[in-house]
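Numbering (our numbering), first residue to last: 6 to 396.
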Amino acid sequence: MTNKEARKYVIGLTGGIATGKTLVLRMLKELGAYTIDADDLAHILMRRNGPLYQPIITEFGRYVLDENGEIDRGKLGEIVFASPRALAHLEAITHPVIIAVTRRLIDQAKADVVAIEAIKLVESGLAQECDAVWVVTARPDVQLHRLMTKRRLSSSQALLRLEAQPAPEVWIARADVVIDNSGDILETWKAVQRHFAAIPRAVVPAPETARAAEVSIAPELSPAELLRELRVRRARRSDLTEIAALIAHATHGERRMDEAQMMEHFFSKGYFLADAGGQLLGIMGLHTENLIATLDDCMVRSATLWPTVGKALLEAVEEDARQLSCEVMLAFLRPEAGPMATILFERHGFVRQQVEDLSIKMWREAAEQYAGDDSVLMVKRLLDHQIMRPI
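Next comes the structure, spelled out in structure tokens:
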């Protein structure tokens, strides 16, 4: 099924492990596509009171639950990856529900282009919902390096994961578009832009021409002028140079990033920035996954701006996390943020915690990805468990 009747063009995005599918998905989002991550969607649908929760427990037993009564995907994986029959049973439960919810999300999307990331795009039947299949590839040595550095696997564990994957030729045979993500992120970005521009003009508006950066680090505003002109918005690619300059300024030159590094940061999270009168005053980086919001790169131009600029940024990112039905915010404050930042977060209901003290396993696992750089972890519960309704 295509979505020509609804004037929507659906891209199915797939490829092997550690090829960079999520990176390409975020690039498509930056170009204006509405994006769906099928794996994230499955996480949500498997949560307690979600439509997949009880059928999975009925099929595999309460052994697959963690100490909080949630499905432990690690335990479930031990069962299904050791038995093709068990895997087939799991997919028979999950795939129809994921496809049904995906169809609803496509119908509700306001964008003319929808991109769906799914490692089993073809096997699950999701490819039938798509107008084109895009396959992301990477050299095996690059995949191995990413698995070892980003997922903290040993070389033997990483090799086992790679050996369990289909050969690259299998993925490529399914593709209408192939994106090689082995090298420079800027080259990947150019390839994504080129193929996106080739989507029929009847359904895709031309991407906006990149504008010159709108903000800069300029002379101080008076407090009254700042409050009058302060605005918070999502960052655009045209802001990257200014964001890099503020990061270098806030870290006293310890973090200086080139264009490629900033692009990688930009496509790994959503930056919010605050500006007034042409001055970039502060930034925060928000990443949401599996109903968990993680917040880092919390920086303002000077410590005196935390009660105003910091407050406006924090309220904006928290509202965004709530709109996405996130149940918790994990904020990581670097030492240079200073005591004023900690005070602000505490006044907004955040509590300082150690990663190992987080009671919910999924929260701990998310926090562990950010731990280790002397950051202070601040935690705020946003929502209690609820019936999961994907946004």
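All residues carry an ideal CB built from backbone N, CA and C; glycine is no exception. In this text the structure is predicted, and so the values were computed from the model without any measurement.
{"Item": "Burial state of T63, where buried means 16 or more other Cβ atoms lie within 10 Å", "Value": "exposed"}
{"Item": "Reduced DSSP category for G82 - H, G, I as helix; E, B as strand; rest coil", "Value": "helix"}
{"Item": "Residues near I365 by beta carbon distance below 7 Å, same chain, minus five either side", "Value": "N73"}
{"Item": "Collapsed DSSP secondary structure at I22 in the structure displayed", "Value": "coil"}
{"Item": "When E332, S330, R12 and D181 are compared against I111, the one with the closest alpha-carbon", "Value": "R12"}
{"Item": "Reduced DSSP category for K385 - H, G, I as helix; E, B as strand; rest coil", "Value": "strand"}
{"Item": "Bounding residues of the alpha helix (DSSP H) (the contiguous stretch that carries I288)", "Value": "Per DSSP, I288 belongs to no alpha helix (DSSP H); it is in the beta strand (DSSP E), Q284 to E294."}
{"Item": "Y68, enclosing beta strand (DSSP E) - first and last residue", "Value": "That residue, Y68, is in no beta strand (DSSP E); it is neither H nor E in DSSP."}
{"Item": "Counterpart residues of A265 in DSSP-defined beta bridges", "Value": "A265 is not bridged to any residue."}
{"Item": "For V182 and L70, the rounded distance between their alpha carbons", "Value": "39 Å"}
{"Item": "M268 beta carbon less than 8 Å from that of W194", "Value": "yes"}
{"Item": "Assigned secondary structure, D302 (DSSP; H/G/I helix, E/B strand, else coil)", "Value": "strand"}
{"Item": "Spatial distance of L363 from A376 (CA atoms)", "Value": "13 Å"}
{"Item": "Pick from M334, E332 and R357 that is closest to D344, judged by C-alpha positions", "Value": "Position check: residue 344 holds Pro in this sequence, whereas Asp was assumed. Answer by Cα proximity: R357."}
{"Item": "Where L310 falls, given that 16 or more other Cβ within 10 Å makes a residue buried", "Value": "buried"}
{"Item": "Backbone secondary structure at E213 - three-state DSSP", "Value": "Residue confidence for E213 is low, a pLDDT of 46 falling below 50, so the modelled location carries little weight and cannot support an answer."}
{"Item": "Given T40 as reference, the closest of L50, Y14, F65 and G21 once Cα atoms are compared", "Value": "Y14"}
{"Item": "Identity of the residue in T256, R260, L164 and E264 nearest T246 by Cα", "Value": "E264"}
{"Item": "Alpha helix (DSSP H) runs contained entirely in the region 304-344, provided each spans 4 or more residues", "Value": "316-328"}
{"Item": "Proximity of H353 and L387 at Cβ, strictly below 8 Å", "Value": "no"}
{"Item": "Whole-angstrom distance between L286 and H257, CA atom to CA atom", "Value": "16 Å"}
{"Item": "Span of the alpha helix (DSSP H) around T99", "Value": "P89 to Q113"}
{"Item": "Three-state secondary structure (DSSP) of I124", "Value": "coil"}
{"Item": "Cβ-Cβ separation, M334 to A326 (assumed contact under 8 Å), whole Å", "Value": "6 Å"}
{"Item": "Assigned exposure category for P171 - 16 Cβ within 10 Å defines buried", "Value": "exposed"}
{"Item": "Pair within 8 Å by beta-carbon distance, R52 and E75", "Value": "yes"}
{"Item": "For L296 and S273, believed in contact at Cβ under 8 Å, the rounded distance", "Value": "So it is not a contact: roughly 18 Å between Cβ atoms."}
{"Item": "Member of E168, T27 and W139 whose CA lies at the smallest distance from the CA of R199", "Value": "W139"}
{"Item": "Counted within 10 angstroms of its Cβ, other Cβ atoms place Q59 as buried (16 or more) or exposed", "Value": "exposed"}
{"Item": "DSSP state of D379 mapped onto helix, strand, coil", "Value": "coil"}
{"Item": "Helix, strand or coil at R12 according to DSSP, with G and I counted as helix", "Value": "coil"}
{"Item": "Backbone CA spacing between H254 and C303 [nearest angstrom]", "Value": "13 Å"}
{"Item": "Delimiting residues of the beta strand (DSSP E) encompassing F398", "Value": "The structure shown does not extend to residue 398, since the chain is modelled only from 6 through 396, so no value can be given for it."}
{"Item": "CA-to-CA distance, A180 to P173, given in whole angstroms", "Value": "11 Å"}
{"Item": "Cα-Cα separation, R166 to A23", "Value": "10 Å"}
{"Item": "Beta-carbon gap between V360 and A372 smaller than 8 Å", "Value": "yes"}
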